[in-house]
Amino acid sequence: MIRVEGVTKVYDGGAVALRDVSLDIPKGQFVFLVGASGSGKSTLIRLMLREEEVTRGTIWVAGKDITKLPRWRIPDLRRSVGTVFQDFKLLPNKTVAENIAFALEVLGHPRAVVRSQVAQVIDLVGLSGKEDRYPRQLSGGEQQRVSVARAFVNRPPILLADEPTGNLDPKTSVGIMKLLDRINRTGTTILMATHDHAIVDAMRRRVIALEDGRVSQDIIGGRYEDTMVQPKTQLADAPIEPVEEGADPFEGATEA
Amino acid sequence: MSRITYLLRDAFQNMRRNVLVVAGAILAIFISLALAFSALMLNEIVRVNTLLWQEGEHVVVFLKDIEDGISNADHQALQNQILDWQEVESVRYVDKAEAWEEFQTIFADSPSLLDISDQSIVPASLRIKLSEIERYRDIEFRLDGQPAVRKIVSPGEVIERLSDLNSVLNRLAVGLAVVQGGAAVVLIANTIRLAIYARREEVAVMRLVGASNWFIRIPFLLEGMLEGLVGAGLAVLAVWVGQQALGGIDINIVQLNLPEGFFLRWAVAFMLFGSIAGLVGSALGLRRYLRV
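These protein sequence lines map, in sequence, to chains D and U.
Residues in the first sequence are numbered from 471 upward in steps of one, following our numbering.
Residues in the second sequence are numbered from 785 upward in steps of one, following our numbering.
Now the structure itself:
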């Protein structure tokens, strides 16, 4: 479903975000993308959405080489990939239902179709009865559910999530993960970038670790700690990071 | 269909959000087009009047008569002489009897004047129609000093002064309109930029969910076009009101009413022009700011 081949990304300023990254995610898989801040997780996701262009290499999404996609076809790519972000990206002046409907209206779906699809997906994410609330009247977890609903409302084959639980407490995070798991069971391929050890450990799915722009680990049914083996040895060279990273295993369960 | 209403609704929402800036842009378009349109109307009024004058007789030569030692034969000779000139189209001889009739019609409501006058006070005249009206000065010059000529009168002078004034005013108005029009386009480009800025979150989400570029752009283009159209509409309205006011003034010698068709034709053209200016402005504002 997603295939990355020898991708290197160098930003304009010369910062190297990804170095010769290759990975293959088959249809229906649930994959965690882990790694320290600045390891290249977000860059990889942005490349898959063509928000950035690769410096070298090729990325196939849903069977298409998206690095060669002409500009005007990019919207098509984004329709086949749902996205969820840490900061929800909801429109504050629209209600729950309107926020979700927006994704379909923008694609030009007829009103009746929009209404029934939105009702369905609101039910799926467990927000029935809150259709007419505004984002500010919802908790963080509920807002993220709206965002997931919006990403999934047109049933894309792929869902990309960039730290979707980053702003949520552990209990709420579990709720979101259950939701993503349910969506994954419908056959949707999910790639989720995260720092959340507890979640990675609990789910026991494939874990791909990025380290300084390279794939350092790729473990099926892995745990977050498994990916830490190599990083720990290298942390000696990086004096700023250890405090944060070293403390993580103990705080993983309560990460805010 | 739902798509079109959606896009329109979007454009209107945009305009509501920045009322002041939108009003500024509309005003700029309005001033520019009102100036250009009224210059055009004024120009047409002058042209119509020039034509009216031109269809009349361009040079009138009042002639001396028997009492001054000039005979009808002399009148005849002068007429033939004038007819030979190439810039002259026709010459009509109005003798004393005919002139007296004319006099009586003109002063029909002043019987006291007619009572004390008779045929002897009105001179015979030659009414000259020119094929090239701008040569009237030459004609005047050639006639001046001829023994039979008493006095030369030509409305050509008035026309000339009117056209001069008109062309100066026209150039001024058109110049102002062009500058103002440029300012209007830039102002619209700015309102569109502000609108994009105000809606950057929404635009980001639209892109995220895969809205096509045109779907994102069209509301902004519509907004600019609407601003241009409203400005042009106001300009047309202002010129129409001005024209109604002018038409109400009764000046015998100048025709201030223009045929309805002329106004309508140009009103439509100006509305179209306003919308296009708005479209260009918003396209300018969109440039670079709305790429995928």
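Built from N, CA and C at the ideal position, the CB exists for glycine as well.
Bear in mind the structure is a predicted one, so any value in this text is a computation, not a measurement.
Burial state of residue i (16 or more Cβ within 10 Å)
i: glycine 1058/U; result: buried
i: glutamine 607/D; result: exposed
i: aspartate 651/D; result: exposed
i: tryptophan 1050/U; result: buried
i: arginine 991/U; result: buried
i: lysine 479/D; result: buried
i: tryptophan 884/U; result: buried
i: isoleucine 980/U; result: buried
i: arginine 983/U; result: buried
i: isoleucine 788/U; result: exposed
i: isoleucine 515/D; result: buried
i: threonine 658/D; result: buried
i: proline 545/D; result: buried
i: glutamine 613/D; result: buried
i: valine 987/U; result: buried
i: proline 562/D; result: exposed
i: threonine 703/D; result: In this prediction, threonine 703/D has a pLDDT of 44, which is less than 50 and means its spatial position is unreliable; nothing more can be read from the coordinates.
i: phenylalanine 891/U; result: exposed
i: aspartate 490/D; result: exposed
i: serine 855/U; result: exposed
i: glycine 578/D; result: exposed
i: threonine 513/D; result: buried
i: glycine 692/D; result: buried
Inter-residue Cα distance where the pair is residue i and residue j
i: proline 540/D; j: glutamine 1028/U; result: 57 Å
i: proline 907/U; j: glutamate 851/U; result: 11 Å
i: leucine 705/D; j: threonine 697/D; result: Residue placement at leucine 705/D cannot be trusted, given a pLDDT of 44 that sits under 50; what the coordinates show is reported in the next sentence. Taking the straight line joining both Cα atoms gives about 13 Å.
i: lysine 848/U; j: phenylalanine 925/U; result: 18 Å
i: serine 822/U; j: glycine 965/U; result: 15 Å
i: valine 670/D; j: methionine 647/D; result: 10 Å
i: arginine 1110/U; j: valine 845/U; result: This structure cannot settle anything about residue 1110/U, because the visible part of chain U is limited to 785 through 1076.
i: proline 580/D; j: alanine 1022/U; result: 42 Å
i: isoleucine 660/D; j: glutamate 1007/U; result: 39 Å
i: aspartate 666/D; j: alanine 631/D; result: 13 Å
i: leucine 574/D; j: glutamate 568/D; result: 10 Å
i: asparagine 654/D; j: leucine 1013/U; result: 51 Å
i: alanine 973/U; j: proline 1003/U; result: 14 Å
i: glycine 611/D; j: tryptophan 542/D; result: 35 Å
i: alanine 881/U; j: alanine 818/U; result: 52 Å
i: valine 1064/U; j: aspartate 482/D; result: 32 Å
i: tyrosine 790/U; j: phenylalanine 999/U; result: 10 Å
i: tyrosine 694/D; j: valine 677/D; result: 8 Å
i: phenylalanine 1046/U; j: glycine 1031/U; result: 15 Å
i: glutamine 863/U; j: leucine 910/U; result: 7 Å
i: valine 1020/U; j: aspartate 593/D; result: 54 Å
i: alanine 668/D; j: arginine 801/U; result: 45 Å
i: arginine 921/U; j: leucine 971/U; result: 50 Å
Identified DSSP bridge partners for residue i
i: tyrosine 481/D; result: Per DSSP, none; premise fails for tyrosine 481/D.
i: glutamate 681/D; result: Arg684/D
i: isoleucine 472/D; result: Ile495/D and Val531/D
i: aspartate 490/D; result: Beta-bridge pairing links aspartate 490/D to no other residue.
i: leucine 503/D; result: Ala663/D and Ile678/D
i: serine 909/U; result: Phe846/U and Val878/U
i: threonine 553/D; result: Leu630/D
i: isoleucine 689/D; result: Val677/D
i: arginine 603/D; result: Partner(s): none; arginine 603/D has no beta bridge.
i: arginine 526/D; result: Thr478/D
i: leucine 914/U; result: Val872/U
Nearest-angstrom Cβ-Cβ length linking residue i and residue j, presumed shorter than 8 Å
i: leucine 1068/U; j: valine 969/U; result: 7 Å
i: alanine 672/D; j: leucine 503/D; result: In fact, because the Cβ distance is near 17 Å, the residues do not count as touching under 8 Å.
i: valine 616/D; j: leucine 597/D; result: 7 Å
i: glycine 510/D; j: leucine 488/D; result: 5 Å
i: lysine 564/D; j: phenylalanine 572/D; result: 6 Å
i: leucine 1042/U; j: methionine 825/U; result: 7 Å
i: leucine 1018/U; j: glycine 1062/U; result: With a Cβ gap of about 13 Å, leucine 1018/U and glycine 1062/U do not count as contacting.
i: isoleucine 976/U; j: serine 915/U; result: Rounded, the Cβ-Cβ distance is 56 Å, inconsistent with contact.
i: glycine 552/D; j: leucine 629/D; result: 4 Å
i: valine 477/D; j: isoleucine 529/D; result: 6 Å
i: valine 875/U; j: isoleucine 866/U; result: 5 Å
i: alanine 1016/U; j: isoleucine 813/U; result: 6 Å
i: lysine 559/D; j: valine 806/U; result: About 28 Å separates the two Cβ atoms, so there is no contact after all.
i: arginine 620/D; j: phenylalanine 500/D; result: With 8 Å as the limit, arginine 620/D and phenylalanine 500/D do not qualify as a contact, their Cβ atoms being about 20 Å apart.
i: valine 830/U; j: leucine 946/U; result: 6 Å
i: proline 626/D; j: arginine 520/D; result: Incorrect: roughly 15 Å between the Cβ atoms, too far for contact.
(request) Note down, one range per segment and in chain order, each alpha helix (DSSP H) of at least 4 residues found wholly within the stretch 793-818 of chain U. (result) none
(message) At 4 residues or longer, what runs of the alpha helix (DSSP H) sit wholly inside the stretch 916-990 of chain U?
(response) 920-927 and 940-982
(message) If we require 3 or more residues per run, which beta strand (DSSP E) segments fall completely within the stretch 1037-1071 of chain U?
(response) none
(request) Output the residue ranges of the alpha helix (DSSP H) runs that lie fully inside the stretch 557-624 of chain D and measure 4 residues or longer, sorted by chain position. (result) 566-575, 581-594 and 610-622
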